[in-house]
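Protein chains in written order, with full-length UniProt numbering: chain A, 1 to 180; chain B, 1 to 145.
For every residue, glycine included, the Cβ atom is placed at its ideal position computed from N, Cα and C.
See structure below.
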Amino acid sequence: LITVKHKSPLYFKINSELFTLTYGALVTQLCKDYENDEEVNKQLDKMGYNIGVRLIEDFLARSSVGRCQDFRETADVIAKVAFKTYLGVTPSVTNWSPAGDEFSLILESNPLVDFVELPDNHNALIYSNLLCGVLRGALEMVQMAVDVKFVQDTLRGDNVTEIRMKFIKRIEENLPAGDE
Amino acid sequence: MTVHNLYIFDRNGKCLYYNEWNRKKQAGISKEEEYKLMYGMLFSIRSFVSKMSPLDSKEGFQSFQTSRYRLHYFETPSGLKFVMNTDLSVSNARDALQHIYSNLYVENIVKNPTCILGNSLDSDLFSTRLDTFIRALPYYNPRTT
Numbered sequence: 001l002i003t004v005k006h007k008s009p010l011y012f013k014i015n016s017e018l019f020t021l022t023y024g025a026l027v028t029q030l031c032k033d034y035e036n037d038e039e040v041n042k043q044l045d046k047m048g049y050n051i052g053v054r055l056i057e058d059f060l061a062r063s064s065v066g067r068c069q070d071f072r073e074t075a076d077v078i079a080k081v082a083f084k085t086y087l088g089v090t091p092s093v094t095n096w097s098p099a100g101d102e103f104s105l106i107l108e109s110n111p112l113v114d115f116v117e118l119p120d121n122h123n124a125l126i127y128s129n130l131l132c133g134v135l136r137g138a139l140e141m142v143q144m145a146v147d148v149k150f151v152q153d154t155l156r157g158d159n160v161t162e163i164r165m166k167f168i169k170r171i172e173e174n175l176p177a178g179d180e
Numbered sequence: 001m002t003v004h005n006l007y008i009f010d011r012n013g014k015c016l017y018y019n020e021w022n023r024k025k026q027a028g029i030s031k032e033e034e035y036k037l038m039y040g041m042l043f044s045i046r047s048f049v050s051k052m053s054p055l056d057s058k059e060g061f062q063s064f065q066t067s068r069y070r071l072h073y074f075e076t077p078s079g080l081k082f083v084m085n086t087d088l089s090v091s092n093a094r095d096a097l098q099h100i101y102s103n104l105y106v107e108n109i110v111k112n113p114t115c116i117l118g119n120s121l122d123s124d125l126f127s128t129r130l131d132t133f134i135r136a137l138p139y140y141n142p143r144t145t
């Protein structure tokens, strides 16, 4: 971990190849450990969730974005601020459902998958599934229960990478348990 | 001019951290009861302010004062609540609370994998840096008793 003093810069650059290689090493090791694509997908989601619940605090601290008024604003902040800050890419927000509770993020490029090709025996592997967990965990901490999944993936032969996000419900604030 | 004390609550109402620098009078109840009382009051006052305010307000509840002290409140969208009591000479402690969140809590607690979120804050680094920060505030100047 890199320790920072009082004022940490908004971005500090690390080599993006190091990042891609590190993520690749992580997925490779998970595949060896679990030998089952579905299980690896689950682990990636879980790890992503644990990252997301912390990353949101860093995001809020750095970006001084306030509470979003609605799901549309949330989508814009995710695409234009969060993705930009952490992955250096800005997906486009499209395919809104009529009810306004579902949308897609279309990624032209995905830094996690630079130079990656999926081998033939891993057809069910969702390589970047960590991202789904991150988004789910982060949004849960700001009172939103969401479902996040990849619906298109360039690694699996699709033209674009598409993440579908669906709003499930608002998580209400609870008063702590009263006296017994 | 002085800072009396500071509470940090998480989104579930649990008091993660409390410290005092210049508190002349205790509440007369156990610490657990005190934290519950503080949190319950904040919950009610935030709800009251958002319902009863005659004007549109984006920020919501931020502070109240009595004839002797002022309570400053800062809440993050992630539900973390920072409460600081100061004397009346401090009109706005929002920047200080924001700093405590962004630079102390996030850097020393959130980014420390051994600190489990939801547990009481158990980081010497955090406590020391927070203490240094409070004592360095321009309005911190405890009167000797």
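List the endpoints of the continuous beta strand (DSSP E) containing residue i.
i              : result
N36 (chain A)  : From DSSP, N36 (chain A) is part of no beta strand (DSSP E); its letter is neither H nor E.
K36 (chain B)  : Counting along the chain, K36 (chain B) falls outside any beta strand (DSSP E), though it belongs to the alpha helix (DSSP H) covering 31-52.
V90 (chain B)  : Unbroken run through V90 (chain B): none, as it is neither H nor E.
K149 (chain A) : 144-152
S92 (chain A)  : 92-94
I100 (chain B) : Note, I100 (chain B): premise wrong, no beta strand (DSSP E); not H, not E.
F126 (chain B) : Element bounds for F126 (chain B): not the beta strand (DSSP E) but the alpha helix (DSSP H), 124-136.
T74 (chain A)  : Run containing T74 (chain A): none in the beta strand (DSSP E); it sits in the alpha helix (DSSP H), 71-77.
L16 (chain B)  : 15-20
K166 (chain A) : 161-170
S67 (chain B)  : Counting along the chain, S67 (chain B) falls outside any beta strand (DSSP E), and DSSP gives it neither H nor E.
L125 (chain A) : L125 (chain A) -> no beta strand (DSSP E), and no H or E assigned at all.
D139 (chain B) : Correcting the residue identity first, residue 139 (chain B) is Tyr in this sequence and not Asp. First-last for Y139 (chain B): undefined, no H or E at that position.
L6 (chain B)   : 3-9
Residue i: which of the options sits nearest, CA to CA?
i              : options                        : result
S128 (chain A) : A:V93, A:P119, A:A138, A:N110  : A:N110
G48 (chain A)  : A:E35, A:Y23, A:D37            : A:Y23
N19 (chain B)  : B:D131, B:Y140, B:A136, B:N141 : B:D131
T74 (chain A)  : A:P119, A:T154, A:T161, A:V142 : A:V142
L21 (chain A)  : A:V113, A:A124, A:K166, A:N121 : A:V113
D76 (chain A)  : A:L105, A:L87, A:V40, A:G157   : A:L105
C115 (chain B) : A:N50, A:N15, A:I14            : A:N50
F59 (chain A)  : A:V81, A:Q69, A:D70, A:D101    : A:V81
D70 (chain A)  : A:E102, A:D158, A:N159, A:N95  : A:E102
L71 (chain B)  : B:Y140, B:E34, B:L6            : B:L6
N92 (chain B)  : B:F64, B:I8, B:D10, B:C15      : B:F64
I78 (chain A)  : A:V27, A:F19, A:V148           : A:V148
T66 (chain B)  : B:F48, B:V90, B:P113, B:S47    : B:V90
I14 (chain A)  : A:A25, A:R54, A:L55, A:Y86     : A:Y86
M38 (chain B)  : B:D10, B:R129, B:Y139, B:G60   : B:D10
K24 (chain B)  : B:Y105, B:N112, B:G79, B:Y69   : B:Y69
T28 (chain A)  : A:V116, A:N95, A:A99, A:R72    : A:V116
K36 (chain B)  : B:I8, B:P54, B:A96             : B:I8
Y140 (chain B) : B:L88, B:Q26, B:Q62            : B:L88
P113 (chain B) : A:L55, A:L18, A:E17            : A:L55
T94 (chain A)  : A:E108, A:D120, A:K84          : A:E108
T161 (chain A) : A:N36, A:L18, A:G100, A:P91    : A:P91
E33 (chain B)  : B:I100, B:I45, B:G13           : B:G13
W96 (chain A)  : A:H122, A:K166, A:V89, A:N121  : A:K166
K169 (chain A) : A:D120, A:N36, A:A25, A:G100   : A:G100
N121 (chain A) : A:V89, A:L26, A:K84, A:N36     : A:N36
Would you mind stating whether residue i and residue j have Cβ atoms separated by less than 8 Å?
i              : j              : result
P77 (chain B)  : G66 (chain A)  : yes
V151 (chain A) : R136 (chain A) : no
N108 (chain B) : L125 (chain B) : yes
V3 (chain B)   : L137 (chain B) : yes
A124 (chain A) : E39 (chain A)  : no
G52 (chain A)  : A145 (chain A) : no
E153 (chain A) : I126 (chain A) : Before going further, note that residue 153 (chain A) is Asp rather than Glu in the sequence given. Yes, Cβ-Cβ distance for D153 (chain A) and I126 (chain A) is below 8 Å.
R156 (chain A) : L118 (chain A) : yes
Q98 (chain B)  : F133 (chain B) : no
L16 (chain B)  : S120 (chain B) : yes
F48 (chain B)  : L175 (chain A) : no
G40 (chain B)  : S50 (chain B)  : no
E173 (chain A) : G28 (chain B)  : no
V110 (chain B) : E140 (chain A) : no
What residue range is occupied by the uninterrupted alpha helix (DSSP H) comprising residue i?
i              : result
S104 (chain A) : Run containing S104 (chain A): none in the alpha helix (DSSP H); it sits in the beta strand (DSSP E), 102-107.
K84 (chain A)  : 83-87
L135 (chain A) : 130-141
Between residue i and chain E, is there a C-beta pair that is closer than 8 Å?
i              : result
V142 (chain A) : Although the question refers to chain E, the structure presented lacks it and instead comprises the protein chains A and B.
query: Is the stretch 51-67 of chain A touching the stretch 25-37 of chain A in the sense that three or more CB pairs, one from each, lie closer than 8 Å?
result: As far as the Cβ criterion goes, the stretch 25-37 of chain A does not touch the stretch 51-67 of chain A, which means the pair count is below three.
message: At a CB distance below 7 Å, what residues from the stretch 115-129 of chain B approach chain A? Give them in sequence order.
response: Answer set for the stretch 115-129 of chain B: L117.
Residues from the stretch 6-24 of chain B in contact with chain A, defined by Cβ distance under 8 Å: Residues passing the 8 Å Cβ filter: R11, N12, G13, K14.
task: With 8 Å as the limit, tell me which residues of the stretch 73-94 of chain B have their beta carbon closer than that to any beta carbon of chain A; keep them in chain order.
output: T76, P77, S78, G79, L80
field: Stretch-stretch touch, CB-based, cutoff 8 Å, three pairs: the stretch 44-58 of chain A with the stretch 83-100 of chain B
entry: no
- prompt: Going along the chain, which residues of the stretch 40-72 of chain A sit with their C-beta nearer than 7 Å to a C-beta in chain B?
  reply: Only those residues of the stretch 40-72 of chain A whose C-beta falls short of 7 Å from the nearest C-beta of chain B are listed: V53, R54, I56, E57, D58, L60, A61, G66, R67.
- request: Mind checking the stretch 97-109 of chain B against chain A and listing, in chain order, the residues whose C-beta falls within less than 7 Å of any C-beta there?
  value: Y101, S102, N103, V106, E107
- request: Mind checking the stretch 41-71 of chain B against chain A and listing, in chain order, the residues whose C-beta falls within less than 9 Å of any C-beta there?
  value: F43, K58, E59
query: Any residues in the stretch 151-177 of chain A with a beta carbon nearer than 8 Å to a beta carbon of chain B? Which ones, in chain order?
result: E173, N174, L175, P176
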